[in-house]
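J.:
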Amino acid sequence: MQIYLVGGAVRDQLLGLPIYDRDWVVVGATSDDLIKLGFQQVGKDFPVFLHPKTREEYALARTERKTDVGYTGFSCYTAPDVIIEEDLLRRDLTINAIAQTEDGQLIDPYHGEQDIKKRLLRHVSAAFTEDPLRILRVARFAARLTNKKFTITNETQSLIKKMVFNQELSTIRAERVWVETKKALQSSSPQIYFRTLYDCGALSILFPEINQLFSISAATRSEPKIDTGINLFLTLKIAASLTNNLETRFAALCHDFSKALIPSEQWTQHEDNASRSILLIETMCNRLGIPKRMKDLAKLMARFYQQIHKINQLTPETVINLFNQLDCWRKPERINQLVIACEADARSRIGLDHINYPQAKFAIEAFKTVQQVSSKNLIEQGIKGIIIKNNLIRKRIKKLTEWWPE
Numbered sequence: 005m006q007i008y009l010v011g012g013a014v015r016d017q018l019l020g021l022p023i024y025d026r027d028w029v030v031v032g033a034t035s036d037d038l039i040k041l042g043f044q045q046v047g048k049d050f051p052v053f054l055h056p057k058t059r060e061e062y063a064l065a066r067t068e069r070k071t072d073v074g075y076t077g078f079s080c081y082t083a084p085d086v087i088i089e090e091d092l093l094r095r096d097l098t099i100n101a102i103a104q105t106e107d108g109q110l111i112d113p114y115h116g117e118q119d120i121k122k123r124l125l126r127h128v129s130a131a132f133t134e135d136p137l138r139i140l141r142v143a144r145f146a147a148r149l150t151n152k153k154f155t156i157t158n159e160t161q162s163l164i165k166k167m168v169f170n171q172e173l174s175t176i177r178a179e180r181v182w183v184e185t186k187k188a189l190q191s192s193s194p195q196i197y198f199r200t201l202y203d204c205g206a207l208s209i210l211f212p213e214i215n216q217l218f219s220i221s222a223a224t225r226s227e228p229k230i231d232t233g234i235n236l237f238l239t240l241k242i243a244a245s246l247t248n249n250l251e252t253r254f255a256a257l258c259h260d261f262s263k264a265l266i267p268s269e270q271w272t273q274h275e276d277n278a279s280r281s282i283l284l285i286e287t288m289c290n291r292l293g294i295p296k297r298m299k300d301l302a303k304l305m306a307r308f309y310q311q312i313h314k315i316n317q318l319t320p321e322t323v324i325n326l327f328n329q330l331d332c333w334r335k336p337e338r339i340n341q342l343v344i345a346c347e348a349d350a351r352s353r354i355g356l357d358h359i360n361y362p363q364a365k366f367a368i369e370a371f372k373t374v375q376q377v378s379s380k381n382l383i384e385q386g387i388k389g390i391i392i393k394n395n396l397i398r399k400r401i402k403k404l405t406e407w408w409p410e
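This is how it looks when you write it as structure tokens:
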């Protein structure tokens, strides 16, 4: 029995990145062998086991054979005679097809270490085309490793475009699309994920709400000319530089979907635009099974981002009404999330990416001020129901008016 460290742990070790998970491949053993050693079998489609102490995953070395369409259409063969080179051959990218022996020696039959040094994302073999989910994985790795200067090889890009042309993406379940997208949104450069999908033609299939923003000029009389799709990616890039919060990044991504549906001269008619954006957000989130909390914040961003942009020009009454509509009293984290997403939007114009955004500080301080207003005294006075609500609104407006900067 030989045990090898494989995949992401070996790759990240060579890149000098933190290692969070370790996966192992076992050669020369059977399921019974591992069970006798106290391992717990958890894999249904192929034999994966949890180590009795570390709870890390150990898989029997296997080969795969394509039997049907899609990313689940495979049959697996596991036996003691499967060697480590055969197991590595089935993997997606060369940088993920490196194994390490227990004494630290690398097993690298497909030159993954060389591609790491050259900063290349390259498919292992022509079998790459058998699994359409790999398109999303390559885009995700491009997003994760762009700060390490990785690029996708021309040969791999050609294979991906061929897969898209052959409509392979239609076989991927929506929830799997979201799993990969969620990971990409949490990466250092999430905009690269969507840009990669756009470049290969996959964005129009998986995210038509985003794809339709391309080739539309975002120019107005007060803004330089920029494609709305590029503008959206720049917004996401800036949001990622401001926060690691997944919901905030997603809200920044989704805030302006309606621009694809209406002429640019009507973009200032915000209520109508917001309704269209919200409908598109609902459609995309429902299709992909995106969690409700993320959908809700994205819809609030689409509806209120223009108000937040001018929050320091509003009246105290209007600001309190905004806080009410955002449900900030029960979900105070929304203020921080939305002002960050709004700052990303404000800075996503050519030449404006380093501007100050005083609205963020204003909104946060205004909310902290009125957050101090309590309903406790009203309740102690025996006031109930709508009367409490109205009194609380009046007290908050009064408090905010007293605080309001000159």
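All letters in the sequence shown, in the order written, are residues 5 to 410 by our numbering.
Even for Gly, the Cβ is constructed at its ideal location relative to N, Cα and C.
State the DSSP-derived secondary structure class of Ala13, mapped to helix, strand or coil.
T.: As a first step, residue 13 is located in the sequence shown; it is residue number 9 there, counting from the start. Residue state, collapsed to three classes: helix.
J.: What does a CB cutoff of less than 6 Å around Gln195 pick up in its chain, not counting 5 residues either side in sequence?
T.: As a position in the sequence shown, residue 195 is number 191, starting the count at 1. Phe237, Leu240, Lys241.
J.: Would you call the segment 396 to 403 and the segment 323 to 333 touching, i.e. three or more CB-CB distances under 8 Å?
T.: Cβ pair count under 8 Å is three or more, so yes.
J.: Given a cut-off of 8 Å on the beta-carbon distance, is the pair Ile88 and Ala65 in contact?
T.: Translated into positions along the sequence shown, residue 88 becomes position 84. Translated into positions along the sequence shown, residue 65 becomes position 61. A contact, by the Cβ cut-off of 8 Å.
J.: Taking one C-beta from the segment 304 to 319 and one from the segment 338 to 351 each time, how about it: are there three or more such pairs within less than 8 Å?
T.: With the cut-off at 8 Å, the segment 304 to 319 and the segment 338 to 351 touch.
J.: Could you check the C-alpha separation between Val52 and Tyr62 for me, to the nearest Å?
T.: Locating residue 52 in the sequence shown gives position 48, where the first residue counts as 1. Locating residue 62 in the sequence shown gives position 58, where the first residue counts as 1. Cα to Cα, Val52 sits roughly 6 Å from Tyr62.
J.: Tell me which same chain residues have a C-beta within less than 6 Å of the C-beta of Glu184, skipping the five on either side of it?
T.: Along the sequence shown, one-based indexing puts residue 184 at 180. The residues are Leu140, Arg144.
J.: Below 8 Å between beta carbons: does that hold for Leu304 and Leu330?
T.: The residue labelled residue 304 in the question sits at position 300 within the sequence shown. The residue labelled residue 330 in the question sits at position 326 within the sequence shown. Yes. Within cutoff.
J.: From this set, Arg69, Glu406, Ala131, Asp27, which residue's C-alpha is nearest Leu54's C-alpha?
T.: Sequence index remark: in the sequence shown, residue 54 carries index 50 (1-based). The candidate whose alpha carbon is nearest that of Leu54 is Asp27.
J.: What did DSSP end up calling Arg400 once you bin it into helix, strand or coil?
T.: The residue labelled residue 400 in the question sits at position 396 within the sequence shown. Looking at Arg400 - three-state DSSP - the assignment turns out to be helix.
J.: To the nearest angstrom, how far is it from the Cα of Leu257 to the Cα of Thr150?
T.: Mapped onto the sequence shown, residue 257 falls at position 253. Mapped onto the sequence shown, residue 150 falls at position 146. Computed Cα separation, rounded: 19 Å.
J.: For the 8 Å Cβ check, are there 3 or more pairs between the segment 367 to 379 and the segment 280 to 298?
T.: Segments in contact, no.
J.: Alpha carbon to alpha carbon, what distance is there between Ser35 and Thr247?
T.: Here residue 247 refers to the residue found at position 243 when the sequence shown is read from its first residue. Here residue 35 refers to the residue found at position 31 when the sequence shown is read from its first residue. C-alpha separation (whole angstroms): 44 Å.
J.: At the level of alpha carbons, what is the spacing between Lys186 and Glu179?
T.: Stepping through the sequence shown from its first residue, residue 186 is reached at position 182. Stepping through the sequence shown from its first residue, residue 179 is reached at position 175. One C-alpha to the other measures close to 10 Å.
J.: Just mark Lys299 as buried or exposed, buried being the case when its beta carbon has 16 or more other beta carbons within 10 Å.
T.: For the purposes of this step, residue 299 is taken as the residue at position 295 of the sequence shown. Result: buried.
J.: Can you tell me where the beta strand (DSSP E) with Tyr62 in it begins and where it stops?
T.: On the sequence shown, residue 62 is found 58 positions in, with the first residue counted as 1. Where Tyr62 is concerned, the enclosing beta strand (DSSP E) stretches over 61 to 64.
J.: Quick check on Glu251: buried or exposed, where buried means 16 or more other Cβ atoms within 10 Å of its Cβ?
T.: On the sequence shown, position 247 is the one that residue 251 refers to. By the neighbour-count rule (16 or more Cβ atoms within 10 Å), Glu251 is buried.
J.: In the structure shown, what three-state DSSP assignment does Gln310 receive?
T.: Mapped onto the sequence shown, residue 310 falls at position 306. Of the three classes helix, strand and coil, the one that applies to Gln310 here is helix, per DSSP.
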